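These notes are about the structure you will find just below.
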Amino acid sequence: MTDTTARVRELNLYRQYFDLVAAGTKTIEVRVKYPHLADLAAGDTIRFLNKGTDETCDVKVLRVTGYSGFEALLDGEGPANVNPTATREQQLANIRTIYPPEKEALGALAIEIVRTSR
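Residue numbers 13 to 130, in my numbering, belong to the letters of the sequence shown in order.
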């Protein structure tokens, strides 16, 4: 028998990004291609935790796409889908503040999401 139950992953988000996800305006989450995210797939649920609080927001994963780095990801997905409140250049700088070059070298994941609850 095959287990077709979707998994729930918990990931932290800073307040500014949490609010965009909760509002439904951020539809692409950016992550480094860490081994623990290798099996993340469409249908899974991500429970975002607002860093430093007990607030959560559940989203459904629609698609996961790998990229060589953050610039390729922003070009492929469109900056407005990642953060509609910042320019491409601001987003690139912000992402690289969170993830240093050695992390970006692992590759980047664009996780297309849709909010299911808050």
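Every residue, glycine too, gets a C-beta built ideally from N, C-alpha and C.
Predicted model, so just to flag it, every value in this text is computed and none were measured.
Simplified DSSP state of residue i, which is helix, strand or coil
i      : result
Thr39  : coil
Pro113 : helix
Arg108 : helix
Asn95  : coil
Asp51  : coil
Tyr79  : strand
Enclosing alpha helix (DSSP H) for residue i [first to last residue]
i     : result
Ala84 : Phe82 to Glu89
Per-residue burial, residue i [other beta carbons within 10 Å of its own, 16 or more giving buried]
i      : result
Arg43  : buried
Gln103 : buried
Lys63  : exposed
Alpha-carbon to alpha-carbon, residue j and residue i
i      : j      : result
Val33  : Thr57  : 13 Å
Ala117 : Thr109 : 14 Å
Cβ-Cβ separation, residue j to residue i (assumed contact under 8 Å), whole Å
i      : j     : result
Arg127 : Val71 : 5 Å
Where the beta strand (DSSP E) through residue i begins and ends
i     : result
Leu61 : Thr57 to Asn62
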